[in-house]
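Remarks on the structure that follows.
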Amino acid sequence: MRRRFVAAIASLSLVALVGTSAIAAPPAGMIRARASAAAEAGGKILLKAKVIRPDQSATFSASAVVTLDGGAVPVDLRLAGKRSFLALKKVAIPAEESLGCKTVEITVNYGATTEVFTRMVSVVAEGTDLETAPACV
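Just so we're aligned, residue 56 is where the sequence shown starts under this note's numbering, counting upward by one.
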């Protein structure tokens, strides 16, 4: 009786150990995109797109469209390295740009997946502390 009980506990422990490792496997290829929360008129907006835990055989590219007073500004984000899954770009804001919220659409192509992220950037007056700048909703 005691041997069966020990064998049953050992079996259940083994199943629980294998089951948790299979459940805890991280998802592959999570896509993220960011834009500066605030920027000064006459300054720059930093755009960033990356893939977390990428499949190294997949292709990766990113582009963005920044909507300013002068119209939509399309830009291609540059890869941070030869086999990198991080893309960056700084977009200049004209000094005469009106203050307020601006829309940024970042398009990320990863393998067969294409995702579009919409971010808001607050354009503030020159000399304003960007840490305390009002956020766009």
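Where a beta carbon is used, it is the ideal one built from N, C-alpha and C, also for glycine.
About 6 Å separates the Cβ atoms of Arg87 and Ile107, confirming a contact at the 8 Å cut-off. In terms of Cα proximity to Phe115, the closest of Asp124, Ala150, Ser153 and Leu141 is Leu141. Following the DSSP letters along the chain, one finds Ile148 in no beta strand (DSSP E), marked with neither H nor E. Counting C-beta pairs closer than 8 Å gives fewer than three between the segment 57-66 and the segment 146-160, which falls short of the contact rule.
In the assembly as shown, Pro109 is a buried residue. Its beta-carbon has 16 or more other beta-carbons within 10 Å. Within the model, the alpha-carbon separation for Ser112 versus Val61 is close to 47 Å. With fewer than 16 other CB atoms across the displayed protein chains lying within 10 angstroms of its CB, Ala135 is exposed. With 16 or more neighbouring CB atoms inside 10 Å of its own CB, Lys105 falls in the buried class. With a contact defined as Cβ atoms closer than 8 Å, Leu143 and Arg133 qualify at about 6 Å. Distance from the CA atom of Val179 to the CA atom of Leu102, rounded to whole angstroms, is 17 Å. Contact between Ala94 and Ile148 is confirmed by a C-beta separation of about 6 Å, below the 8 Å threshold.
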